[in-house]
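For reference, the structure is listed below as structure tokens.
2 protein chains.
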Amino acid sequence: MKLEFFYDIASPYTYLASTRVDAVGASLGLPVVWRPFLLGAVFKATGNTMPAAVPAKGTWMLADLDRWARLYGVPFRMPSDFPQATLGVQRLLTATGLAHGHDAQRRLASELFAAVWGRGQSAADLVVSQNALRAAELPQELLVAAGEEAAKVELRTTTDEAVARGAFGAPAIFVGDALFFGNDRFELIAHEVARVRAEEAR
Amino acid sequence: MKLEFFYDIASPYTYLASTRVDAVGASLGLPVVWRPFLLGAVFKATGNTMPAAVPAKGTWMLADLDRWARLYGVPFRMPSDFPQATLGVQRLLTATGLAHGHDAQRRLASELFAAVWGRGQSAADLVVSQNALRAAELPQELLVAAGEEAAKVELRTTTDEAVARGAFGAPAIFVGDALFFGNDRFELIAHEVARVRAEEAR
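Just so you know, the sequences run in chain order A and B. Going by the numbering used here, 207 is the number at position 199 of the first sequence; the sequence numbering is gapless. Going by the numbering used here, 50 is the number at position 42 of the second sequence; the sequence numbering is gapless.
Here it is, written out as structure tokens:
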């Protein structure tokens, strides 16, 4: 058993989840696999829209995000450009995973989440990617690899897989076939893991 | 300070919240005011749609609701007619509040939530309303009052108020001006109440 964490830097609730998911996995004794996918393509494929498309929901969301950030004790700052354009960084993360493995990809993702949602920077900004690579101690050449076919294809494949398994938004966290949507489902995940283990022990 | 719980029998997540909200209020030392409103009118006014309008989200929602019900230890059964038509029961609940006060309205709401989401019955069915009134020890004459102008106007007024204060779905729980949306925000509510009290104590 493992937790698969499908993420896109574009999603503020996924930022929140990203600050917790490793600790949740550790507390459950499960590996956490971070998987970059493209939220915009997921919305398109499923006919979903971002929550802020409803103005009253967008207003509430700002307060809600602030409250979660305070509860988690993590910085939160709304970037001036929202929605965020993340095709570039999601390809960069994918290229990083392909060339340097999971831990490097995960490290870069944390740097990018912190830049965008902790400090309000723009995910589309090349300088933000350059700085995140530096902070994650990864080579700047990944900016080139991010534009190559391998990264594009891999990102599309991962996104298609998530949609085929039922994802419609982010974060999409899977425990086997079971999908958990949102940063607010960790309690349900713990419950599901306990249930599966009880079944296996029978 | 108080918790205002805007609810519509149509909403399964509001059913889940309804099984907890009084205990949460008690644990925080706050009165809970149950306020029937009309979710369909809220959706219309805010341009929102029900989550199940996105098919993949609807599929996930069924699993999600089951998980919450197991976590809470309450029965859950999806009614065969979904979405539920609740104009009649929301007027009935409003009429009950007008004629018999808050506790009677709250009691009837619990009976209706249990019938629809605990046993899968239809909120639009007259027999369901008759049985709920009986179980709540309230007079059947409320079925007449539910069709009268006073109930219609009061339900509209409550719904308009909720929208004006920022509600876009259900459950909408207010602590003063602060809106909390969903059955999954009780932890944030506790945090907000503690924050307000700390501020007042200064």
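All C-beta atoms, glycine included, are put in the ideal place defined by N, C-alpha and C. These numbers were taken from a predicted model, which means no experiment stands behind them.
From E119 (chain B) to L151 (chain A), what does the alpha carbon distance come to, in whole angstroms? The count along the second sequence starts at 1 and reaches residue 119 (chain B) at position 111. The count along the first sequence starts at 1 and reaches residue 151 (chain A) at position 143. Cα atoms of E119 (chain B) and L151 (chain A): separation of roughly 60 Å, rounded to the nearest angstrom.
Determine the closest residue to G66 (chain A) out of A:E12, A:R127, A:Y21 and A:F182, with distance taken between C-alpha atoms. To locate residue 66 (chain A), count along the first sequence from 1; it is residue 58. Comparing Cα positions, the closest option is A:Y21.
Which whole-angstrom value describes the C-beta separation of L79 (chain B) and H110 (chain A), a residue pair presumed to lie in contact below a C-beta threshold of 8 Å? As a position in the second sequence, residue 79 (chain B) is number 71, starting the count at 1. As a position in the first sequence, residue 110 (chain A) is number 102, starting the count at 1. L79 (chain B) to H110 (chain A), Cβ: 31 Å. No contact.
Can you tell me whether V135 (chain A) is buried or exposed, with buried defined as 16 or more other CB within 10 angstroms of its CB? Here residue 135 (chain A) is taken as the residue at index 127 of the first sequence, counted from 1. That one is exposed.
Determine the direct distance from the alpha carbon of K10 (chain B) to that of V204 (chain B), and round the result to whole angstroms. Stepping through the second sequence from its first residue, residue 204 (chain B) is reached at position 196. Stepping through the second sequence from its first residue, residue 10 (chain B) is reached at position 2. Each residue's alpha carbon lies about 12 Å from the other.
Starting from the Cα of E145 (chain A), find the closest Cα among A:L36, A:R99 and A:A112 and give me that residue. Indexing the first sequence from 1 puts residue 145 (chain A) at position 137. Nearest of A:L36, A:R99 and A:A112 to E145 (chain A), Cα basis: A:A112.
Count the C-beta pairs between the stretch 44-56 of chain A and the stretch 174-182 of chain A that are closer than 8 Å, then say yes if the count reaches three, no if not. Touching, per the Cβ criterion.
Beta carbon of P83 (chain A), beta carbon of G126 (chain A): below 7 Å? Indexing the first sequence from 1 puts residue 83 (chain A) at position 75. Indexing the first sequence from 1 puts residue 126 (chain A) at position 118. Yes, the Cβ-Cβ distance between P83 (chain A) and G126 (chain A) is below 7 Å.
Are the CB atoms of A122 (chain B) and Q129 (chain B) within a distance shorter than 7 Å? The count along the second sequence starts at 1 and reaches residue 129 (chain B) at position 121. The count along the second sequence starts at 1 and reaches residue 122 (chain B) at position 114. No.
So with CB distances below 7 Å, who are the chain B contacts of N56 (chain A)? What you label residue 56 (chain A) is simply residue 48 of the first sequence in a count that begins at 1. The answer, in chain order, is V62 and K65.
Contact set between the stretch 71-84 of chain A and chain B, restricted to residues whose Cβ is under 8 Å from the partner: Correct list: A71, D72, R75, W76, R78 and L79.
Pull up the distance between the alpha-carbon of D30 (chain B) and that of L196 (chain A), whole angstroms please. As a first step, residue 30 (chain B) must be located in the second sequence, where it is residue number 22. As a first step, residue 196 (chain A) must be located in the first sequence, where it is residue number 188. Rounded to the nearest angstrom, the gap between the Cα atoms of D30 (chain B) and L196 (chain A) is 22 Å.
Backbone CA spacing between A159 (chain B) and A206 (chain A) [nearest angstrom]: On the second sequence, residue 159 (chain B) is found 151 positions in, with the first residue counted as 1. On the first sequence, residue 206 (chain A) is found 198 positions in, with the first residue counted as 1. Looking at the two C-alpha atoms, the distance is approximately 50 Å.
Give me the chain A residues within the contact set of A206 (chain B), using Cβ-Cβ distance strictly less than 7 Å, ordered along the chain. Sequence index remark: in the second sequence, residue 206 (chain B) carries index 198 (1-based). Scanning chain A for C-beta atoms nearer than 7 Å to the C-beta of A206 (chain B) yields nothing, as the closest lies near 12 Å away.
Our contact map puts R75 (chain B) next to F194 (chain B) with C-beta atoms below 8 Å; I'd like the distance itself, whole angstroms only. By 1-based counting over the second sequence, the position of residue 75 (chain B) is 67. By 1-based counting over the second sequence, the position of residue 194 (chain B) is 186. With a Cβ gap of about 16 Å, R75 (chain B) and F194 (chain B) do not count as contacting.
Candidates A:A170, A:S26 and A:D16: closest to N191 (chain A) by CA position: Within the first sequence, the letter at position 183 stands for residue 191 (chain A). Here the closest residue by C-alpha is A:S26.
DSSP three-state assignment for E156 (chain B), whether helix, strand or coil: As a working mapping, residue 156 (chain B) is identified with position 148 in the second sequence. If DSSP states are grouped into helix, strand and coil, E156 (chain B) belongs with coil.
Taking 6 Å as the limit between beta carbons, can you name the residues of its chain near A103 (chain B), skipping five residues before and five after? Along the second sequence, read from residue 1 onward, the residue named residue 103 (chain B) stands at position 95. The residues are L150, A153, A154 and A159.
Going along chain B, which residues have a C-beta under 8 Å from A186 (chain A)? Residue numbering aside, residue 186 (chain A) sits at position 178 when the first sequence is read from its first letter. Taking the beta carbon of A186 (chain A) as reference, the chain B residues within 8 Å of it are A71, listed in sequence order.
Where does I197 (chain B) fall in DSSP's three states? As a working mapping, residue 197 (chain B) is identified with position 189 in the second sequence. DSSP places I197 (chain B) within a helical segment (H, G or I) once states are collapsed to three.
Which listed residue (A:V40, A:V50 and A:P63) has its alpha carbon closest to that of T166 (chain A): Counting from 1 along the first sequence, the entry for residue 166 (chain A) is found at position 158. The candidate whose alpha carbon is nearest that of T166 (chain A) is A:V50.
Would you mind sorting D185 (chain B) into buried or exposed? The rule is 16 or more other CB atoms within 10 Å of its CB. Position 177 of the second sequence, counted from the first residue, corresponds to residue 185 (chain B). In the assembly as shown, D185 (chain B) is an exposed residue. Its beta-carbon has fewer than 16 other beta-carbons within 10 Å.
Where do the N-terminal and C-terminal ends of the alpha helix (DSSP H) with V135 (chain A) fall, by residue? Locating residue 135 (chain A) in the first sequence gives position 127, where the first residue counts as 1. Taken as a continuous stretch (DSSP letters only), the alpha helix (DSSP H) holding V135 (chain A) covers L134 to A143.
Closest by CA to L163 (chain B), which one among B:A132, B:L106 and B:Q92? Here residue 163 (chain B) corresponds to residue number 155 of the second sequence, with the count starting at 1. For the residues B:A132, B:L106 and B:Q92, the minimum Cα distance to L163 (chain B) belongs to B:L106.
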